Every structure is written in C-alpha cells, then in structure tokens.
Amino acid sequence: MANHTIHVKINGTEKTAEVESRLLLVHLLRETLAMTGTHIGCDTTHCGACTVLLDGQPVKSCTVLAVQADGREVTTVEGLMQGGKLHPIQDGFWQEHGLQCGFCTPGMMITGSALLARNPDPSEAEIRQAISGNLCRCTGYVNIVKAVQHAAAAMKTAAPAEA
Amino acid sequence: MIPAPFDYHAPTTLEEALAFLQSHRDEAKVLSGGQSLLPLLKLRLGAAGHLVDIGRIPGLEYIKEEGGVLKIGGRTRESALEHSDLIRTKYPLLADTAAVIADPLVRNLATVGGNLAHGDPANDHPATMLALRAEVVATGPGGSRTIPIDQFFRGLFQTALEPDEILTEIRIPAPPPRSGGAYVKLERKVGDFATAATAVQVTLGAGGEVASVGIGLTNAGPTPIRASAAENLLTGKQPSAELIAEAARQAAAATNPSADRRGAVGYKREMARVLTARALQRAIQWAKEH
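Chains as they are written, first to last, in numbering that gives the first Met the number 0: chain A, 0 to 162; chain B, 0 to 289.
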C-alpha cells in the first residue's frame, strides 16, 4: 500500500516523515518521532490522553491519520514550554496538584491551554465542559479545574506586562 | 489498534474526488471528519481499499441562510455549528444537538455531513434533521440531487447515497416566527451514544396552537424514527399538558429499541416518552419567547 511523504510542523519545527496511509497521528508522534509526551489511553476516541493541537484545535490523535496532518501544525505537550519557562497551564498543574498518576495530564494540559487561548477567563462550568472529553482515572477533577483556574489567573496578571 | 491497510487520497477539487469514487465505487470510502470511520476501521468492523479525504477540498464548510433556507456545507464541523451565533439564536434544536454530540475534542473534527452519511441511528443529527424536515444534497459524477430526509436513511448504516456520491450540503427551511426547537438526550456519560433522545421542532399559530411540528427519535430502532402519530396528534391543537403527555406516549410507542448495556427495551421506551415530553415543552417554550 502506498506510502506518503508528509511535512508536519510539530512544536514549531518542520518534520518530514515517510508514512503508511494507515499510520495514526499518535503513532507518528510516539514511534516515528520518539515524542512520548502524548499518551495512548483507550485508543477508542474516549479518553483524551492522546490530545494534541491540530492547527490550534484540540483533537484526539488516535483518531487522526498522520497523513491528514500533512502541511499542518501540531502542538504536543513537549511544545507547551517556551524559552525554558513552563507554560502557565503546566505551572498551574504543579501549583494546584492537578495530577495524581499523571497519565491524563498531557491531554488535560493541551485541552486546558486551548481553552485559555480561546477564553482567557472561563467559568468553572466552562472549564468542566472543555475537559469533558478528557478522562482522569484518578478522578482528580477538582484539582484539575483549580489548575486551569490558576493558569487563567497567572495569564491575566502576565498579559498587561507583555502588552 | 491499527486499521487494515488502505490507500489514502486527498483530492483538492470535488471533481477529482467524484472521478475517483466513480472509478473505485465499492472499494472506496469518503473520509470527512473521520470520527466514526476511523474507529470503525481501527476496530476492524469495517474495511476500505481506499479512503478519499474530502478535507482538502475548499468550499464545503459553511453555515448560511439564503432565500429562506439554512444551508450547511457537508464538511462543516460540529464545533462550527456549536459556536455559530446564527445557530444559537435561531436554530435552538441544532445548537442543543451540537453541544451533546460526542465530546468537545471529537466535535473539532466531526462533521455534520459525516454524522448523517454514516447512517447510524445512534448518531444525533439524523433525528434532528428529521424534526427539521431537512433535505440532503448528494453530488455525484452526473451532478447534484436533493434527497428529502425521510427518504435518506434506508437501514442500519445504510443511506440513499450512492457509492460515488458525496453529501455536499444540508438544507433546512428557515423557521417562521413563533418557532422553537429542542434536543433532549439521555447519555450515561459525555461521549456515549444516547440511551434515548428526542428532537423537536415546532411552529405555533397566532392563537398558540401547534401549526406544525417535527419529532425525531435517536437510537430507538435500526433507523432514526419520525414520530408521525405524535406529530399528527399535536398539529392544529393547543399544546396542553395532557396533549403533550399523550403525544409523548405515542412517540414511545413508535420506538423499536434493542436491549444493550444502556438498558432494557422497556426502559428505553419509557425514556423516549419522558424525553419527548421534555423536548416538546422546551421547544414550545422557546417558540412562545421568540
């Protein structure tokens, strides 16, 4: 079956790969490119452990073909940190103890970062709605919500200084 | 899980996609958002020799009103519907539906056309489109044809689409004044298929009577179901609590659910009754307020 040469900008860096049609985006990341920050959980589009940003939108990378990402931009948890500084969402999860086992955390942080990019001041209900496609087996949702709120507050404080 | 091998094609024009489908017919599947098709291929419940990705064809994603008709491009994402001001303010049934399809991450890829073309009675838009009396535009090598929604669903995972046709547009009559709609869904958790769900679109007359009503039922049989008897019962009458209760009973009687982990047949029928009554009440309330 046909292979395809794809070009995908991953965390700002152009990557080229030779992929089979059926290769899933999550396998391109984890196996072809050895970027294991993105997790595989249920593998059936339920749990959201594999969430990445595709052109800025959070999607489940176990349900996207690698070849569909050709010419597009992907952001993974490895791309959240900028200039040696944790993304506010990462700091939020640290400060608010937003993880227990940590398995859902990359997906939670990617979804949380996308929410804050679209809505810098989300209500608790909006946060819970946004992460409703990401499952936490430890049921640590209370602190995950606090972590996103922590990040929102930090980004609000930081924003005027940057302007 | 890894799907069986297939070839992937990404045409950049509709003509190119249609020509490929015409020459490969039964071996090819159209890939829209992929949120139903890819799981099916991964679980190996289905197979395809060729996937034709219509995601790189421009001009298939839009939501617009033209000449009294709401037109939704076949490849419009559910998230676009969910965040559209036009939908939120004028099409509450569609807004309700878009908010409960799968989960927010899936909705960033899943498309309205795909939700219909998949032919799954457990999907949410089939019932919605029955209630809205939509039409589906199918484009094939010979041009486009319009299929009334009542003729679209032929069986479990079967639709009126030919193998060389693409669902390019959904057309919905713009609602007249005093119209309202609601979609009420019971699901075990976010992302699950409906245990039961009811879509209602209603227009009231000047005297408050039901001028017209559409009722669609999700996951209540091998195809999405129109509750015709309930529609007929309501039409032309004042929607009293008693009448709504009787219409809900008739809607439940029209269901033919199968027992599964979501519940027994009797439970699902009962839920169809309860949800139909709630959807009717909410749709009528919206119609009175707008």
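Glycine included, each C-beta is placed from N, C-alpha and C at the ideal position.
Quick caveat: nothing in here was measured; it's all calculated off a predicted structure.
- Grouping DSSP H, G and I as helix and E and B as strand, with all else coil, what is valine 58 of chain A? Position 59 of the first sequence, counted from the first residue, corresponds to residue 58 of chain A. DSSP places valine 58 of chain A in strand when its eight states are reduced to three.
- Query: For arginine 76 of chain B versus leucine 108 of chain B, is the C-beta spacing smaller than 8 Å?
  - Reply: Counting from one through the second sequence, the residue named residue 76 of chain B turns up at place 77. Counting from one through the second sequence, the residue named residue 108 of chain B turns up at place 109. Contact flag set, yes.
- With burial defined as no fewer than 16 other Cβ atoms inside 10 Å of the residue's Cβ, what is the status of tyrosine 90 of chain B: buried or exposed? Start at 1 with the first residue of the second sequence, and residue 90 of chain B comes out as number 91. Buried, since its Cβ has 16 or more Cβ neighbours within 10 Å.
- Message: Quick check on aspartate 90 of chain A - is its C-beta less than 8 Å from some C-beta in chain B?
- Response: Looking up residue 90 of chain A in the first sequence gives position 91. Answer no: the Cβ-Cβ gap between aspartate 90 of chain A and chain B never drops below 8 Å.
- Every unbroken beta strand (DSSP E) within the stretch 63–144 of chain B, with a cutoff of 3 residues, ordered by chain: 68–72, 134–139
- Query: Taking any Cβ of chain A, which residues in the stretch 72–99 of chain B have a Cβ under 8 Å from it, in chain order?
  - Reply: Ser78
- Item | Beta-carbon neighbours of glycine 54 of chain B, restricted to chain A and to distances below 9 Å | What you label residue 54 of chain B is simply residue 55 of the second sequence in a count that begins at 1. Neighbours of glycine 54 of chain B on chain A, chain order: Gln67.
- Residue range of the alpha helix (DSSP H) that includes glutamine 249 of chain B: Here residue 249 of chain B refers to the residue found at position 250 when the second sequence is read from its first residue. Segment 240–252, the alpha helix (DSSP H) holding glutamine 249 of chain B.
- Message: Excluding the 5 residues flanking methionine 34 of chain A on each side, which residues of the same chain have their C-beta closer than 7 Å to its C-beta?
- Response: Walking along the first sequence from the start, residue 34 of chain A turns up at place 35. Cβ within range, chain order: Leu28, Thr75, Glu77.
- Among A:Lys84, A:Gly82, A:Gly40, A:Glu72, which residue has its Cα nearest to the Cα of proline 105 of chain A? Counting from 1 along the first sequence, the entry for residue 105 of chain A is found at position 106. Comparing Cα-Cα distances from proline 105 of chain A to each of A:Lys84, A:Gly82, A:Gly40, A:Glu72, the minimum goes to A:Gly40.
- Rounded C-beta distance between phenylalanine 130 of chain B and glutamine 21 of chain B? I'm assuming under 8 Å. The residue labelled residue 130 of chain B in the question sits at position 131 within the second sequence. The residue labelled residue 21 of chain B in the question sits at position 22 within the second sequence. This sequence places alanine at residue 130 of chain B; phenylalanine is not what is there. Actually they are not in contact, since the Cβ atoms of alanine 130 of chain B and glutamine 21 of chain B sit about 34 Å apart, beyond 8 Å.
- Could you tell me which residues DSSP pairs with alanine 33 of chain A in its beta bridges? Translated into positions along the first sequence, residue 33 of chain A becomes position 34. Answer by DSSP bridge pairing: none, since alanine 33 of chain A is not bridged.
- Task: Residues of the stretch 18–29 of chain A with a CB closer than 9 Å to any CB of chain B: list them in chain order, please.
- Result: Glu19, Ser20, Arg21, Leu22, Leu23, His26
- Message: Could you check whether glutamate 134 of chain B and proline 147 of chain B sit closer than 8 Å to each other, using their CB atoms as the reference points?
- Response: Start at 1 with the first residue of the second sequence, and residue 147 of chain B comes out as number 148. Start at 1 with the first residue of the second sequence, and residue 134 of chain B comes out as number 135. Annotated as proximal: proline 147 of chain B and glutamate 134 of chain B, with beta-carbon spacing under 8 Å.
- Interface residues of chain A around isoleucine 1 of chain B at Cβ under 9 Å? Here residue 1 of chain B corresponds to residue number 2 of the second sequence, with the count starting at 1. Correct list: Arg21, Leu22, Leu23, His26.
- Below 8 Å, can you find three or more Cβ-Cβ pairs linking the stretch 142–158 of chain B to the stretch 53–71 of chain B? The answer is no - the stretch 53–71 of chain B does not touch the stretch 142–158 of chain B, with fewer than three Cβ pairs under 8 Å.
- With DSSP collapsed to three states, give me the class of aspartate 163 of chain B. Locating residue 163 of chain B in the second sequence gives position 164, counting from the first residue. Looking at aspartate 163 of chain B - three-state DSSP - the assignment turns out to be coil, as it is neither helix nor strand.
- Which first and last residues belong to the alpha helix (DSSP H) in which arginine 153 of chain B is found? Along the second sequence, read from residue 1 onward, the residue named residue 153 of chain B stands at position 154. Premise fails: arginine 153 of chain B lies in the beta strand (DSSP E), 152–154, not in any alpha helix (DSSP H).
- Task: Go ahead and pull the three-state DSSP assignment for arginine 127 of chain A.
- Result: In the first sequence, the residue the question calls residue 127 of chain A occupies position 128. If DSSP states are grouped into helix, strand and coil, arginine 127 of chain A belongs with the helices.
- Distance between proline 4 of chain B and alanine 124 of chain A (C-alpha atoms, nearest Å): Against the first sequence, residue 124 of chain A aligns to sequence position 125. Against the second sequence, residue 4 of chain B aligns to sequence position 5. The straight-line gap from Cα to Cα measures roughly 42 Å.
- Show which residues of chain B have a CB atom less than 8 Å away from the CB atom of valine 63 of chain A. For this step, residue 63 of chain A is matched to residue 64 along the first sequence. By Cβ distance, chain B contributes Gly33, Leu37, Leu108.
- Query: Quick one, which of A:His45, A:Thr138, A:His96, A:Met154 has its alpha-carbon nearest leucine 114 of chain A's?
  - Reply: Looking up residue 114 of chain A in the first sequence gives position 115. It is A:Met154 whose Cα lies nearest to the Cα of leucine 114 of chain A.
- histidine 23 of chain B: first and last residue of the uninterrupted beta strand (DSSP E) it sits in: If you number the second sequence from 1, residue 23 of chain B lands on position 24. Counting along the chain, histidine 23 of chain B falls outside any beta strand (DSSP E), though it belongs to the alpha helix (DSSP H) covering 13–23.
- Message: Comparing C-alpha positions only, which one of A:Gly91, A:Pro119, A:Ala157 sits nearest to lysine 143 of chain A?
- Response: Residue numbering aside, residue 143 of chain A sits at position 144 when the first sequence is read from its first letter. One detail in the question is off: residue 143 of chain A reads as isoleucine in this sequence, not lysine. Closest by alpha carbon: A:Gly91.
- Query: Are the C-beta of lysine 59 of chain A and some C-beta of chain B separated by less than 8 Å?
  - Reply: Start at 1 with the first residue of the first sequence, and residue 59 of chain A comes out as number 60. True, the Cβ-Cβ gap to chain B drops below 8 Å.
- Roughly how many angstroms lie between the CA atoms of leucine 64 of chain A and glutamine 237 of chain B, to the nearest whole one? As a first step, residue 64 of chain A must be located in the first sequence, where it is residue number 65. As a first step, residue 237 of chain B must be located in the second sequence, where it is residue number 238. Spanning the two alpha carbons is a distance of roughly 52 Å.
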